[in-house]
Structures are given as structure tokens and as C-alpha cells.
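Note that the sequence shown covers residues 1344 to 1443 in the numbering used here.
Ideal Cβ positions, reconstructed from N, Cα and C, are used throughout, including at glycine.
Worksheet for the structure shown next.
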Amino acid sequence: MSKDNADHLRAELKSLADTLEEVLGNSGEKSKEELGKLRTKAEKALRESRHRLGETGDVIARQTREAAARTDEYVRDNPWASVGIGAAVGVVLGVLLTRR
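This is how it looks when you write it as C-alpha cells:
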């Protein structure tokens, strides 16, 4: 996930949380009409967040597929280097896990 996507995701979730917090925090002292307005605002924020998060999910899925395709291409072009990298990663993980 790119930094821009992660920042976008955080901003969307914060906006939604802020809206819901406003609704929940003020619901006890509001009239029925004001509660209706807050509910409408919360529903709108939820719909917008779902839409934007869906778009972000699509971007992340596309980037993941592209990375997997590049990795597959590299492994096919450089099989022995890939085996060496895999072995080195295995050794490093083995050493790190046995130290615990």
C-alpha cells in the first residue's frame, strides 16, 4: 500500500469517526429534529466513506496484482537468483526465530 493510499484511508476513517462521535456525543441533548439532521449527516458520511474506501480498495488490489506480476516475471527471468534470495531470507528468519 502506498503512503498516499494509507493517508487517504486514515483521513476517511477519521472523518467517519468524527461524524459518528458527534452524533453519539450530542444525541442526549438534542431535539428530535436535530437528531434527524445528525442521523442524516452520519448516513451521508458513511455512504461517502464506503464509496471512497471502495475506490481505495480497488487501487490497492490493482497495485498488488501489478507487483505480483512483476515478481512472477522476475522469478521466471532469474530463477537461480530467486532461489538464492529465498534461501537467504529463510536463513535470516531461522536465525531470528531461534534467538527468541
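Top-ranked residue by Cα proximity to residue i, from the options
i, options, result
"E1364", "E1386, E1376 and A1349", "E1386"
"L1359", "H1351, A1349, A1424 and A1388", "A1388"
8 Å contact criterion, which residue i and residue j should meet: CB distance rounded
i, j, result
"E1355", "L1396", "6 Å"
Rounded straight-line distance, which links the Cα of residue j to that of residue i
i, j, result
"L1440", "V1426", "21 Å"
"A1412", "L1436", "25 Å"
"D1420", "T1407", "20 Å"
"V1472", "D1347", "With the chain covering only 1344 through 1443, there is no way to say anything about residue 1472."
"I1428", "D1361", "45 Å"
"R1390", "A1410", "30 Å"
"E1416", "T1399", "26 Å"
Cβ-based burial, residue i [other Cβ within 10 Å; buried from 16]
i, result
"T1383", "exposed"
"T1414", "exposed"
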